[in-house]
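Using the working numbering, read the sequence shown as starting at 3 and increasing by one per residue. For reference, the structure discussed in these notes is given below.
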Amino acid sequence: MDWFAKAPLDAHWLILGGTRRGKSALLQLRARALMKRGVEAITAIDPHGEFVRFVAEWAANPHNGVSSRVLHVFNVGSNFVFGLNPLYTRSLRPSWEDCHDAANVVLSSTESFFDQASQSTPRVGRISYVAAFVLARHNLTLLELPQLLSLGADEVRRALLQDFDNPIVRCELEELQQMATRTPREFFSVVESTKNRWVRWLADPRLARILGQKK
Ligand SMILES: Nc1ncnc2c1ncn2[C@@H]1O[C@H](COP(=O)(O)OP(=O)(O)OP(=O)(O)O)[C@@H](O)[C@H]1O
Ligand SMILES: [Mg+2]
């Protein structure tokens with residue numbers, strides 16, 4: 003099996019075999035080998051969900067050494083789609099730009115969910131951006147998002163007021179910064195509603211099962 007794991011990234015495969023001869027198992031080995039090598043993302047078109055579920059469970063297990071990057075799972079219709087942790091930045095001390103990019107990836111990839119949840123306000127989007135930025139900076143994952151947003155909004159508020167001196171986002175965040183300074187109570191309630199939205203997303207039972215939190 004070693005040659006299979008080490009084959010070039012651009013190799014093409016056609017796997018033929020009778021029923022129950024191990025075609026799916028072979029594909030899973032290939033996916034694991036690619037993740038071990040640190041590929042950016044894997045796309046699996048998997049109508050029955052059998053492949054993705056096993057690979058995601060394997061990846062979520064810290065013993066397999068890839069879980070700091072993995073653990074971002076989308077539920078699209080009745081199928082699973084999963085990719086690598088979008089908050090992973092390849093660096094223990096990520097740059098401002100790395101965190102900015104990671105936060106934007108998270109926001110755009112969850113946008114449709116929050117649109118469906120309706121009443122999506124720009125403030126919620128901006129708080130989410132700041133929170134995702136802070137998580138990326140501290141090498142954390144989306145699973146820590148509810149805790150971050152639960153700390154009386156203090157950490158988010160501190161980050162918002164101190165860490166965003168960058169001109170690219172300064173204008174965008176100005177209104178929020180004023181709110182955090184002048185009307186902390188209102189700010190707190192926006193953080194609360196942002197948290198509630200994310201908790202609903204993260205509480206999808208299929209997500210929890212793949213993350214190993216539920217049987
Ligand atoms: N190398 C292996 N050694 C031992 N058992 C294996 C091996 N590869 C697969 N198996 C087992 O054989 C069974 C069938 O494997 P798998 O599901 O990969 O087959 P498949 O060819 O994809 O079948 P299907 O045509 O039904 O999709 C599974 O229970 C799997 O765990
Ligand atoms: Mg199969």
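Every residue, glycine too, gets a C-beta built ideally from N, C-alpha and C.
8 Å Cβ cutoff met for residue i and residue j
i      : j      : result
Asp165 : Ala138 : no
Gln30  : Phe6   : no
Leu178 : Leu162 : yes
Ser26  : Glu52  : yes
Leu144 : Leu94  : no
Ala133 : Phe190 : no
Gly127 : Leu150 : no
Pro148 : Val201 : yes
Thr112 : Ala104 : no
Ala61  : Met37  : yes
Val54  : Arg125 : no
Ile129 : Thr45  : no
Asn141 : Trp98  : no
beta-carbon residue i near ligand 3 non-hydrogen atom, thresh 7 Å
i     : result
Arg23 : What this structure holds is ligand 1 and ligand 2, not ligand 3.
Do the stretch 185-194 and the stretch 165-174 meet, that is, are 3 or more Cβ pairs less than 8 Å apart?
no
**Q.** Secondary structure, alpha helix (DSSP H): runs of 4+ residues fully inside the stretch 145-202
**A.** 147-152, 156-164 and 169-184
Item to check | Residues with C-beta closer than 6 Å to any heavy atom of ligand 2, in chain order | outcome: Lys25 and Ser26
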